[in-house]
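Asker:
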Amino acid sequence: MNNKMSKSEKEKQIRREAKATIILFLICFVWNVGCAYGLSGCSVRVLGLPLWWVLSTPGVFVIAIVGVIFLVRKVFVDFDLDEESEGGAHHAE
Amino acid sequence: MQSKHLIVLAILSAYLLINLGIGIYINRKTAGEENFLSSYFVGSRGMGGLVLAMTLVATYTSASSFLGGPGLASTFGLSQSWIAGVQIGATFLTLGVLGKKFALISRRIQGVTISDYLRARYQSGAVVVLCGLALVVFFITQMIGQFIGGATLIQTVTGVPYWAGLLLFGAVVVLYTAFGGFRAVVLTDTLQGIVMTCGTFLMMFFIIRQCGGMEDIVNQLNVSNPGWDLMGKGAYGKDIAVLQPGYMVSYWVLVGIAVLGLPQTAVRCMGFKDTRSMHRAMIYGTVVIGILMIGMHLAGTLAYPLVENANLASTDQVIPYVVMKYMPGWAAGFFLAAPLAAVMSTVDSLLILSSATILKDLYLNYIVKRKVCPEEEDVRDVSSELMKTHPAAAANVPKISFGITAVIGILTCLIALNPPDVIAWINLFAFGGLEATFFWPIIGGLYWRKGNSKACLASTTVGLITFVFFNRVKILPLGIHEIVAALVLGGIVYFAVGSATAQEVPDEDMLEKCF
Numbered sequence: 001m002n003n004k005m006s007k008s009e010k011e012k013q014i015r016r017e018a019k020a021t022i023i024l025f026l027i028c029f030v031w032n033v034g035c036a037y038g039l040s041g042c043s044v045r046v047l048g049l050p051l052w053w054v055l056s057t058p059g060v061f062v063i064a065i066v067g068v069i070f071l072v073r074k075v076f077v078d079f080d081l082d083e084e085s086e087g088g089a090h091h092a093e
Numbered sequence: 001m002q003s004k005h006l007i008v009l010a011i012l013s014a015y016l017l018i019n020l021g022i023g024i025y026i027n028r029k030t031a032g033e034e035n036f037l038s039s040y041f042v043g044s045r046g047m048g049g050l051v052l053a054m055t056l057v058a059t060y061t062s063a064s065s066f067l068g069g070p071g072l073a074s075t076f077g078l079s080q081s082w083i084a085g086v087q088i089g090a091t092f093l094t095l096g097v098l099g100k101k102f103a104l105i106s107r108r109i110q111g112v113t114i115s116d117y118l119r120a121r122y123q124s125g126a127v128v129v130l131c132g133l134a135l136v137v138f139f140i141t142q143m144i145g146q147f148i149g150g151a152t153l154i155q156t157v158t159g160v161p162y163w164a165g166l167l168l169f170g171a172v173v174v175l176y177t178a179f180g181g182f183r184a185v186v187l188t189d190t191l192q193g194i195v196m197t198c199g200t201f202l203m204m205f206f207i208i209r210q211c212g213g214m215e216d217i218v219n220q221l222n223v224s225n226p227g228w229d230l231m232g233k234g235a236y237g238k239d240i241a242v243l244q245p246g247y248m249v250s251y252w253v254l255v256g257i258a259v260l261g262l263p264q265t266a267v268r269c270m271g272f273k274d275t276r277s278m279h280r281a282m283i284y285g286t287v288v289i290g291i292l293m294i295g296m297h298l299a300g301t302l303a304y305p306l307v308e309n310a311n312l313a314s315t316d317q318v319i320p321y322v323v324m325k326y327m328p329g330w331a332a333g334f335f336l337a338a339p340l341a342a343v344m345s346t347v348d349s350l351l352i353l354s355s356a357t358i359l360k361d362l363y364l365n366y367i368v369k370r371k372v373c374p375e376e377e378d379v380r381d382v383s384s385e386l387m388k389t390h391p392a393a394a395a396n397v398p399k400i401s402f403g404i405t406a407v408i409g410i411l412t413c414l415i416a417l418n419p420p421d422v423i424a425w426i427n428l429f430a431f432g433g434l435e436a437t438f439f440w441p442i443i444g445g446l447y448w449r450k451g452n453s454k455a456c457l458a459s460t461t462v463g464l465i466t467f468v469f470f471n472r473v474k475i476l477p478l479g480i481h482e483i484v485a486a487l488v489l490g491g492i493v494y495f496a497v498g499s500a501t502a503q504e505v506p507d508e509d510m511l512e513k514c515f
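Sequences listed follow chains A and B, in order.
The first sequence begins at 1 in this note's numbering and counts up by one.
The second sequence begins at 1 in this note's numbering and counts up by one.
(1) For the segment 367 to 395 of chain B, enumerate the residues whose C-beta is nearer than 7 Å to any C-beta of chain A, in chain order.
(2) Would you decide whether Met-82 of chain A is buried or exposed? Buried here means 16 or more other CB atoms lie within 10 Å of its CB.
(3) Can you list, in chain order, the residues of the segment 267 to 286 of chain B whose Cβ is nearer than 7 Å to any Cβ on chain A?
(4) Using a cut-off of 8 Å between C-beta atoms, extract the partners of Ile-65 of chain A located in chain B.
(5) Do we get a CB-CB distance below 7 Å when we pair Val-60 of chain A with the residues of chain B?
(6) Ordered along the chain, which non-local residues of its own chain (more than five positions away) have a Cβ less than 6 Å from that of Leu-254 of chain B?
(7) For Asp-421 of chain B, is the classification buried or exposed, using 16 other Cβ atoms within 10 angstroms of its Cβ as the cut-off for buried?
(8) Would you verify that the beta carbon of Val-218 of chain B is, or is not, closer than 7 Å to some beta carbon of chain A?
(9) If you measure from the beta carbon of Gly-48 of chain B to each beta carbon in chain A, is any gap under 7 Å?
(10) On a CA-only basis, which of A:Trp-31, A:Phe-79, A:Ile-65 and A:Val-75 is nearest Ala-90 of chain B? Give me that one, please.
(11) Of all Cβ atoms in chain A, is any one closer than 7 Å to the Cβ of Val-484 of chain B?
(12) Is there at least one Cβ from chain A nearer than 7 Å to Glu-508 of chain B's Cβ?
(13) Secondary structure at Gly-237 of chain B, three-state DSSP: helix, strand or coil?
(14) Select from B:Ala-53, B:Arg-119 and B:Gly-150 the residue whose C-alpha is nearest the C-alpha of Lys-273 of chain B.
(15) In chain A, which residues lie less than 8 Å from Ser-81 of chain B when you measure between Cβ atoms?
(16) Following the continuous alpha helix (DSSP H) through Gly-149 of chain B, name the residue where it begins and the one where it ends.
(17) Distance check for Leu-56 of chain B and Ala-572 of chain B, CA to CA, integer angstroms please.
(18) With 7 Å as the threshold, decide whether the Cβ of Asp-189 of chain B is near any Cβ in chain A.
(19) For a quick check, are the C-beta atoms of Val-157 of chain B and Val-51 of chain B less than 7 Å apart?
(20) What is the DSSP secondary structure of Pro-50 of chain A, counted as helix, strand or coil?
(21) Have a look at Asn-225 of chain B and Leu-118 of chain B and give me their C-alpha separation to the nearest angstrom.
(22) When you compare each of B:Gln-87, B:Ser-277, B:Arg-108 and B:Val-397 to Met-293 of chain B by their alpha carbons, which one comes out closest?
(23) Distance, Cα to Cα, Phe-335 of chain B vs Gly-150 of chain B?
(24) Can you have a look at Ile-492 of chain B and say buried or exposed, based on whether 16 or more other CB atoms are within 10 angstroms of its CB?
(25) Between the C-alpha atoms of Leu-135 of chain B and Ser-354 of chain B, what's the straight-line distance to the nearest angstrom?
(26) Could you check if Ser-39 of chain B is buried or exposed, using at least 16 other CB atoms within 10 Å of its CB as the buried criterion?
(27) If you draw a straight line from the alpha carbon of Thr-501 of chain B to that of Asn-365 of chain B, how long is it in whole angstroms?
(28) Just the C-alpha distance for Gly-271 of chain B and Gly-111 of chain B, rounded to the nearest angstrom, thanks.
(29) Quick one, are the C-beta atoms of Ala-338 of chain B and Met-196 of chain B less than 7 Å apart?
(30) Do you know how far the Cα of Phe-36 of chain B is from the Cα of Lys-399 of chain B?
(31) Under a Cβ-count criterion, where at least 16 other Cβ atoms within 10 Å of its own Cβ denotes burial, should Cys-211 of chain B be classed as buried or exposed?
(32) State yes or no: is the C-beta of Ala-63 of chain A within less than 7 Å of the C-beta of Cys-28 of chain A?
(33) Classify Arg-28 of chain B: buried if its beta carbon has 16 or more other beta carbons within 10 angstroms, exposed otherwise.
(34) Put Val-242 of chain B into one of helix, strand or coil per three-state DSSP.
(35) Within this structure, are the beta carbons of Phe-147 of chain B and Gly-170 of chain B separated by less than 7 Å?
(36) Could you compute how far the alpha carbon of Ile-257 of chain B sits from the alpha carbon of Lys-4 of chain B?
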């Protein structure tokens, strides 16, 4: 992968990843709260458990896993964590 | 019954011994490693994906995830399980937002604690002292709370007196943490995470089997615990109370976004090997935490018919009661290792970070620095330099580190023997208090260049006061939790003060290291 990124490129990439993570978190939030309250009157049951719970709780679990796999494959980038400390900038004094 | 107690006690003891063994093994293996601070406190930044995921989940998962929460779920029904599901984001959020930032910064500043980061980022003694103090106070009370939970559990299920149970597993945690340092903490966390996952499946299996399958459970619940399947059901009583939506949704802050402010999980971002490990850990951690949280709380909900006529003193007794009454000895022993593991994995992480904070901020950066360079006034972290330039001071550091870790651990254990009321009181605020203290200093500091020490101090103070105030005075509408107010006000103050007091050009050294 691209592990020859400069310091500022890394900073930019990290901000992109953090934003994507927050978006996934917000999707989980909306899905979880939306299903819980939106379907709370619904009488459909799965294995005896109400649909609002099945979709909101195990449902958000599935969404989170799929979402994280997507993030890691498509948004997150591998780069070297160590290279820049070789310059010795922090040993200036 | 007596022989069952013995089997359980034997399995639990064996489990404790394995953990102790890991600590001693790590201690032998790492003896004489070059960079002691980095080795003892962040495991030389060598964690792979699985270990990182497991230690994050295990640290985050405490006694309440196995005892308190599922116990509540037996009366609160599926609503409690829904709340537990909110915690799904804990690992991917922590790693996705804090992971690489902390990984880079901690390597640049050779940092091993959250205080190290705050010192480098805000260059202010006041910030380090305020946050360090909050950290140590909240951590110690949380540890005491966990110790009490663990000892009470051992007492309930084996009949061993409270003090003996406390000393037994308190000693084990303190010993393996003091001997093995961070590496022992994360390795035992991994084992404990696996035990917790298996324990969750065991619990589900035995409850569903005991009640005669899902269909029977649902029929029994409909009769015995009406409202168990409603979103927002309250405690079971004469009429069905309703949990307010504001209260329910607040959990998306308390155990959702605000977990970014927990120093004990944030510090793990300083310890992983490479970005690939972090990416893997995001996936593994999400899977494991989902199984643990949703599984255990669903099990608690389904367990209600089993405890309906048991006349338990509190909902904390639900899980121990079900385990001892309905599981065979081997399964009971194995399952009970799980909440014990949750306690240990939380305590060890809090212990090692408290110890690191005290060692670096009090001993190295204060006492030793005063001795060797009394004229220097700035607040730079000099501990790594001191370790190199003053071999005499450095030689003592391993011993002092073991010592500090052991002393805090033993002290905590002793207080847990006979905890004063103030501990329970502070513990009400400990989890949210940590979030209110650290959220904006961490997040604002990592992503906003203008964030400075004044913003940090103001927002932490306002956040903490708001949190405690609304915790005592319940006047927020719709049952909204105090953490929401604390983070909102803290955030406003952070950005307002930051903008008002920002320097034209932020300090160059700080920008170099933190951005």
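Beta carbons are placed, not taken as given, at the ideal position from N, Cα and C, and that holds for glycine.
Since the structure is predicted, the reported quantities are computational estimates derived from the model, not experimental observations.
Answerer: Let me lay it out:
(1) Look at the segment 367 to 395 of chain B: it has no residue with a C-beta under 7 Å from a C-beta of chain A.
(2) Per the sequence presented here, residue 82 of chain A reads as Asp, with Met not at that position. By the Cβ-count criterion, Asp-82 of chain A is exposed, with fewer than 16 other Cβ atoms from all chains shown falling within 10 Å of its own Cβ.
(3) Against chain A - using a Cβ distance shorter than 7 Å - the residues of the segment 267 to 286 of chain B are Asp-274, Thr-275, Arg-276, His-279, Met-282, Ile-283 and Thr-286.
(4) Correct list: Ile-283, Thr-286, Val-287 and Gly-290.
(5) Yes, because at least one Cβ of chain B sits closer than 7 Å to the Cβ of Val-60 of chain A.
(6) Residues His-481 and Ile-483 of the same chain have their beta carbon placed closer than 6 Å to that of Leu-254 of chain B, with the five preceding and five following residues left out of the count.
(7) That one is exposed.
(8) Yes, Val-218 of chain B lies at the interface with chain A (some Cβ there is under 7 Å from its Cβ).
(9) Cβ-Cβ to chain A under 7 Å: no for Gly-48 of chain B.
(10) Out of A:Trp-31, A:Phe-79, A:Ile-65 and A:Val-75, A:Ile-65 has the C-alpha closest to the C-alpha of Ala-90 of chain B.
(11) Taking Cβ atoms only, chain A never reaches closer than 7 Å to Val-484 of chain B, which makes this a no.
(12) So no, Glu-508 of chain B is outside the interface.
(13) With a pLDDT of 48 at Gly-237 of chain B, under the threshold of 50, the predicted position of this residue should be treated as unreliable, and no value is reported.
(14) Taking the Cα of Lys-273 of chain B as reference, the smallest distance to any Cα among B:Ala-53, B:Arg-119 and B:Gly-150 is reached at B:Ala-53.
(15) Here the neighbours are Trp-53 and Thr-57.
(16) Start and end: 125 to 158.
(17) In this structure chain B extends from 1 to 515, so residue 572 of chain B is not present and cannot be described.
(18) With 7 Å as the cut-off, Asp-189 of chain B does not count as an interface residue toward chain A.
(19) No, they are not a contact pair.
(20) Strand, per DSSP.
(21) So the two alpha carbons sit approximately 49 Å from each other.
(22) With distances taken between Cα atoms, Met-293 of chain B lies closest to B:Gln-87.
(23) Distance between Phe-335 of chain B and Gly-150 of chain B, taken at the CA atoms: about 14 Å.
(24) Exposed, because fewer than 16 other Cβ atoms sit within 10 Å of the Cβ of Ile-492 of chain B.
(25) If I take the Cα positions, the gap works out to 7 Å.
(26) Around the beta carbon of Ser-39 of chain B, a 10 Å sphere encloses 16 or more other beta carbons of the protein chains shown; the residue is thus reported as buried.
(27) Thr-501 of chain B and Asn-365 of chain B have their alpha carbons spaced roughly 28 Å apart.
(28) It is roughly 10 Å from the alpha-carbon of Gly-271 of chain B to the alpha-carbon of Gly-111 of chain B.
(29) With contacts defined by Cβ atoms closer than 7 Å, Ala-338 of chain B and Met-196 of chain B form a contacting pair.
(30) One C-alpha to the other measures close to 11 Å.
(31) Buried, because 16 or more other Cβ atoms sit within 10 Å of the Cβ of Cys-211 of chain B.
(32) With the sequence shown as reference, residue 63 of chain A is identified as Ile, and Ala is not the correct amino acid for it. It is a contact, given that the beta carbons lie within the stated cut-off.
(33) Taking all protein chains in view, the Cβ of Arg-28 of chain B is surrounded by fewer than 16 other Cβ atoms within 10 Å, so the residue is classified as exposed.
(34) Reduced to three states, the DSSP call for Val-242 of chain B is strand.
(35) It is a contact, given that the beta carbons lie within the stated cut-off.
(36) For the pair Ile-257 of chain B and Lys-4 of chain B, the Cα-to-Cα distance works out to about 43 Å.
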